[in-house]
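Student:
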Amino acid sequence: YYYSCVGVEEHHAVDIDLYHCPNCAILHGPSLMKKRRNWHRHDYTELDDGSKPVQAGTRTFVKQLRARSFPSADEVILKMHGSQLTQRYLEKHGFDVPIMVPKLDGLGLRLPPPTFSVLDVERYVGGDKVIDVIDVARQADSKMKLHNYIKYFTNPDRPKVLNVISLEFSDTKMSELVEVPDIARKLSWVENYWPDDSVFPKPFVQKYCLMGVQDSYTDFHIDFGGTSVWYHVLWGEKIFYLIKPTDENLALYESWSSSITQSEVYFGDKVDKCYKCVVKQGHTLFVPTGWIHAVLTSQDCMAFGGNFLHNLNIGMQLRCYEMEKRLKTPDLFKFPFFEAICWFVAKNLLETLKELREDGFQPPSYLVQGVKALLTALKLWMKKELVTEHAFEIPDNIRPGHLIKELSKVIRSVEEENSKLVKTQGILGVCPTSRSSHETTSPHHSRRRVRKLRDHATKTPSNLDILELHTREVLKRLEMSPWEEASINSKLNGRFNKPFQPSSTVPDWRTKDNDLRLLLSNGRIIRDERHPFTDRSLYTADSEDEDDRTRSKKTTVKVEDQPSGSEGEGNTDAQKPLN
């Protein structure tokens, strides 16, 4: 039978030895339950002969965990004010260690008041919502209606320890009560790069409500996709056991995770150091990419949290994702459409790198290293023997081969430029700088920009160059006498080796200085005495559109030439059209 059809909770069904339906219960009494024979094994019916080790999450395990001593997390974590935790700070110093913020001020984090209860959660989310619940003593997942969990939570007599850690509420009314920290929103790949028109559903992983009763325990894990995570304890207390993601520790973690005796081995004992971090009411903890952690709820607790991918640790994020695949992690416990978002990010970062190079800035090293790691992953996913496995998550509007080629080209250029800079630095002592979100320039960049402009001046001018000089010349005209104007025109014409006549479309009767032909106020045209022209030679082949053609057919106005600023100079050129 389905549990719901016979009125039995899924987590409760495993305790039934012999089920009695309502009719039989009248004659034979209630269902017969399994007998408990131990307090240290996931299967509590096993005989307690002392031969089997303690398993994670059981009552005995939690009791032993509380009695253990650990080095304090104060040795590794950073404590700071919310206003100090900025994108600029993390770009400069990296996001490699956990960060504790004792107060809400300056974080941009908005939450319900500490008086917000589990009953309020039910009111805002809806009691019929089916949620994932963890039976801590068995470390097993089951489904339950939120209403039934709240009923369990508010009952002082709790036969089991049940924990809720995956209630994502972005699509509920409770979402309006919570704003994620500014730093999580600014760094988030989903917020910055996920397109609104994507065929893939947008991943909702930014707003979780965690409700745990005392002695709830989550064993050591790395958050899905190597996401970073923020936790805020609204009331109660949680204890985090933190392990650095060193190469050695990650290798040990993968080996431990794939072991059949995983639940019998406390992973904290296998590594050099496991730090204890107590997160009290009102505290916010940020855990960076790849940190291995376990969590004990030391007293009844409600917390809010969220996960986010970002540019600061791309290599580690991809490393965690590949590890998940090797461990055959079920899709339910992986970041939704992780590969799709990697393609979106790659496309955006390609544009970012191009813009930085065009502006004469050196990309920050974390970004270059991140894009290189991303490029390696994309190439791997596109290999012939693997492409069918990964093709599903390639977005329709992305040409993977072209994108990989372009990224490779840009990275190659950046690295070549960096190697040149290192040589220059050795000879001239020039210290190059990179541009973060707050741009800075170096002497090298200034010289390169000047050189760019100098080189550019020798080339044939583009339409934009001519337009810019035209604009500058017109602005000067409004402030200078006619003889000064003539001299400027002469210089400009000489520079371009072409007649440059910004006022060539203006009739003689309009040559008087400061006589405005178009006057606007507050965005509205007050006076418009402009004269349109239709000399088709003034259109460039690549810029004329249908509207231009239609307009040129309707209007015919003669274009009158004005004499050039320098008599007798370039008269033959003066007859050529200005493209």
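Using this note's numbering, read the sequence shown as starting at 109 and increasing by one per residue. Virtual Cβ for every residue (Gly too), placed ideally from N, Cα, C.
Just reading off the beta strand (DSSP E) that C317 is part of, what are its end residues?
Tutor: Residue numbering aside, residue 317 sits at position 209 when the sequence shown is read from its first letter. Per DSSP, C317 belongs to the beta strand (DSSP E) from Y316 to G320.
Student: Hey, is the segment 273-285 in contact with the segment 184-202, meaning 3+ C-beta pairs nearer than 8 Å?
Tutor: Contact fails: fewer than three Cβ-Cβ distances are below 8 Å.
Student: Please tell me whether A402 and F328 are closer than 7 Å, where the distance is taken between their beta carbons.
Tutor: If you number the sequence shown from 1, residue 402 lands on position 294. If you number the sequence shown from 1, residue 328 lands on position 220. Yes. Within cutoff.
Student: Closest to L435 by CA distance: which of T397, W364 and T460 is it?
Tutor: Taking the first residue of the sequence shown as 1, we reach residue 435 at position 327. That would be W364, whose Cα lies nearest to the Cα of L435.
Student: Which term fits E356, buried or exposed, when burial requires 16 or more other beta carbons within 10 angstroms of its beta carbon?
Tutor: Here residue 356 refers to the residue found at position 248 when the sequence shown is read from its first residue. By the 10 Å Cβ count, E356 comes out exposed.
Student: Whose C-beta lies closer than 8 Å to the C-beta of H498 among residues of the same chain, with five residues either side of it excluded?
Tutor: Position 390 of the sequence shown, counted from the start, is the residue given in the question as residue 498. Excluding sequence neighbours, H498 sits near E447, W489 and M490.
Student: Please report the straight-line C-alpha distance between S554 and F469, rounded to a whole angstrom.
Tutor: Residue 554 sits at position 446 when you count from the first residue of the sequence shown. Residue 469 sits at position 361 when you count from the first residue of the sequence shown. Because S554 sits at a pLDDT of 41, beneath the cut-off of 50, its placement in the model cannot be relied upon, and the following sentence gives the value as read from the coordinates. Their backbone Cα atoms lie some 10 Å apart in a straight line.
Student: Return the CA-CA distance between G398 and H340, expressed in angstroms with no decimal places.
Tutor: Here residue 398 corresponds to residue number 290 of the sequence shown, with the count starting at 1. Here residue 340 corresponds to residue number 232 of the sequence shown, with the count starting at 1. Straight-line Cα distance between these residues: approximately 19 Å.
Student: For K352, does the three-state DSSP call read helix, strand or coil?
Tutor: Here residue 352 corresponds to residue number 244 of the sequence shown, with the count starting at 1. Reduced to three states, the DSSP call for K352 is coil.
Student: Decide yes or no for the touch test of the segment 381-392 against the segment 445-464: beta carbon pairs closer than 8 Å, at least 3 of them.
Tutor: No, because fewer than three Cβ pairs between the segment 381-392 and the segment 445-464 fall closer than 8 Å, the two stretches do not touch.
Student: If I measure Cβ to Cβ from E299 and keep anything under 6 Å in the same chain, skipping five residues before and after, which residues do I get?
Tutor: The sequence position of residue 299 within the sequence shown is 191, counting from 1. Excluding sequence neighbours, E299 sits near R293.
Student: Three or more beta-carbon pairs under 8 Å between the segment 299-314 and the segment 367-386, yes or no?
Tutor: No: fewer than three Cβ pairs fall under 8 Å.
Student: Return the CA-CA distance between F375 and L135, expressed in angstroms with no decimal places.
Tutor: Numbered from its first residue, the sequence shown carries residue 375 at position 267. Numbered from its first residue, the sequence shown carries residue 135 at position 27. Near 50 Å, if we compare the C-alpha coordinates of L135 and F375.
Student: Rounded to whole angstroms, what is the Cα-Cα separation between K251 and V241?
Tutor: Taking the first residue of the sequence shown as 1, we reach residue 251 at position 143. Taking the first residue of the sequence shown as 1, we reach residue 241 at position 133. K251 and V241: Cα-Cα distance of roughly 6 Å.
Student: Check Y127 in the structure and name its three-state DSSP category.
Tutor: Taking the sequence shown and counting its residues from 1, the one referred to as residue 127 is at position 19. Note: Y127 maps to coil in three-state DSSP.
Student: Quick one: what's got a C-beta closer than 8 Å to L227's C-beta in the same chain, skipping five residues either side?
Tutor: Residue numbering aside, residue 227 sits at position 119 when the sequence shown is read from its first letter. Hits under 8 Å: I258 and T262.
Student: What first and last residue would you give for the beta strand (DSSP E) that runs through D408?
Tutor: Position 300 of the sequence shown holds residue 408. Looking at the DSSP string, the run of the beta strand (DSSP E) that includes D408 is I400 to F416.
Student: Classify Q389 as helix, strand or coil using the three-state DSSP reduction.
Tutor: In the sequence shown, the residue the question calls residue 389 occupies position 281. It is coil, neither helix nor strand.
Student: Quick one: is T153 buried, meaning 16 or more other Cβ sit within 10 Å of its Cβ, or exposed?
Tutor: Counting from one through the sequence shown, the residue named residue 153 turns up at place 45. By the neighbour-count rule (16 or more Cβ atoms within 10 Å), T153 is not buried but exposed.
Student: Go through the segment 353-377 residue by residue and report every complete run of the alpha helix (DSSP H) that reaches 4 residues or more, in order.
Tutor: The qualifying runs are 355-365.
Student: Which one of V395, A481, N419 and R149 has the shortest CA to CA distance from E430?
Tutor: Numbered from 1 along the sequence shown, position 322 holds the residue referred to as residue 430. Ranking V395, A481, N419 and R149 by Cα distance to E430 puts A481 first.
Student: Measuring straight from C-alpha to C-alpha, what distance separates P615 and I506?
Tutor: Within the sequence shown, numbered from 1, the residue matching residue 615 stands at position 507. Within the sequence shown, numbered from 1, the residue matching residue 506 stands at position 398. Reliability fails at P615, whose pLDDT of 44 lies under 50, so the model's placement of it is uncertain and the value that follows must be treated cautiously. Going by the C-alpha atoms only, they are around 51 Å apart.
Student: Look at the Cβ atom of G334, then the Cβ atom of C428, and state whether they are nearer than 7 Å.
Tutor: Working through the sequence shown from its first residue, we reach residue 334 at position 226. Working through the sequence shown from its first residue, we reach residue 428 at position 320. Yes, the pair counts as a contact, with Cβ atoms nearer than the cut-off.
Student: Near S521, which residues of its chain fall below 8 Å by C-beta distance, leaving aside the five closest residues on each side in sequence?
Tutor: Within the sequence shown, the letter at position 413 stands for residue 521. The answer, listed in chain order, is R465.
Student: Who are the near neighbours of C113 in its chain, counting only those whose CB is closer than 7 Å to its CB and skipping five residues on each side?
Tutor: Translated into positions along the sequence shown, residue 113 becomes position 5. Cβ within range, chain order: n/a, list empty.
Student: Taking R455 as the reference, give the member of D123, L486, Y361 and D182 with the closest Cα.
Tutor: Locating residue 455 in the sequence shown gives position 347, counting from the first residue. For the record, residue 455 in the displayed sequence is Lys; it is not Arg. Looking at the Cα atoms, L486 is the closest of the given residues.
Student: Might you give, ordered along the chain, the residues of its own chain that have their beta carbon closer than 7 Å to the beta carbon of W147, omitting 5 neighbours on each side?
Tutor: In the sequence shown, residue 147 corresponds to position 39, counting from 1. Closer than 7 Å at Cβ, skipping near neighbours: T166, R167 and T168.
Student: Have a look at Y325 and F348 and give me their C-alpha separation to the nearest angstrom.
Tutor: Looking up residue 325 in the sequence shown gives position 217. Looking up residue 348 in the sequence shown gives position 240. Each residue's Cα considered, the two are about 10 Å apart.
Student: Buried or exposed, going by whether 16 or more other CB atoms sit within 10 Å of the CB of D125?
Tutor: Here the question's residue 125 lines up with position 17 in the sequence shown. With fewer than 16 other Cβ atoms within 10 Å, it is exposed.
Student: Got a sec, what are the start and stop residues for the alpha helix (DSSP H) V272 sits in?
Tutor: The sequence position of residue 272 within the sequence shown is 164, counting from 1. Not the alpha helix (DSSP H): V272 falls in the beta strand (DSSP E), residues L270 to E276.
Student: Taking all protein chains shown into account, do 16 or more other C-beta atoms lie within 10 angstroms of the C-beta of V495, making it buried, or fewer, making it exposed?
Tutor: Along the sequence shown, one-based indexing puts residue 495 at 387. V495 comes out exposed.
Student: Span of the beta strand (DSSP E) holding S473?
Tutor: Numbered from 1 along the sequence shown, position 365 holds the residue referred to as residue 473. Unbroken run through S473 is the alpha helix (DSSP H), S473 to W489; no beta strand (DSSP E).
Student: Buried or exposed for I633, going by 16 or more other Cβ atoms inside 10 Å?
Tutor: As a working note, residue 633 is residue 525 in the sequence shown. When all chains shown are included, I633 counts as exposed.
Student: List the whole-angstrom C-beta distance separating T203 from P396, where the pair is believed to meet the contact cut-off of C-beta under 8 Å.
Tutor: Here residue 203 is taken as the residue at index 95 of the sequence shown, counted from 1. Here residue 396 is taken as the residue at index 288 of the sequence shown, counted from 1. Correcting the residue type first, residue 203 is Phe in the shown sequence and not Thr. Confirmed, about 5 Å.
Student: Just to check my reading of the structure: W297 and L417 have Cβ atoms closer than 8 Å, yes? What is that Cβ distance to the nearest angstrom?
Tutor: As a position in the sequence shown, residue 297 is number 189, starting the count at 1. As a position in the sequence shown, residue 417 is number 309, starting the count at 1. Indeed they touch by this definition, with Cβ atoms about 4 Å apart.
Student: Given E230, which residues of its chain have a CB within under 8 Å of its CB, disregarding the five upstream and five downstream residues?
Tutor: As a first step, residue 230 must be located in the sequence shown, where it is residue number 122. Same-chain partners within the cutoff: L254, H255 and I258.
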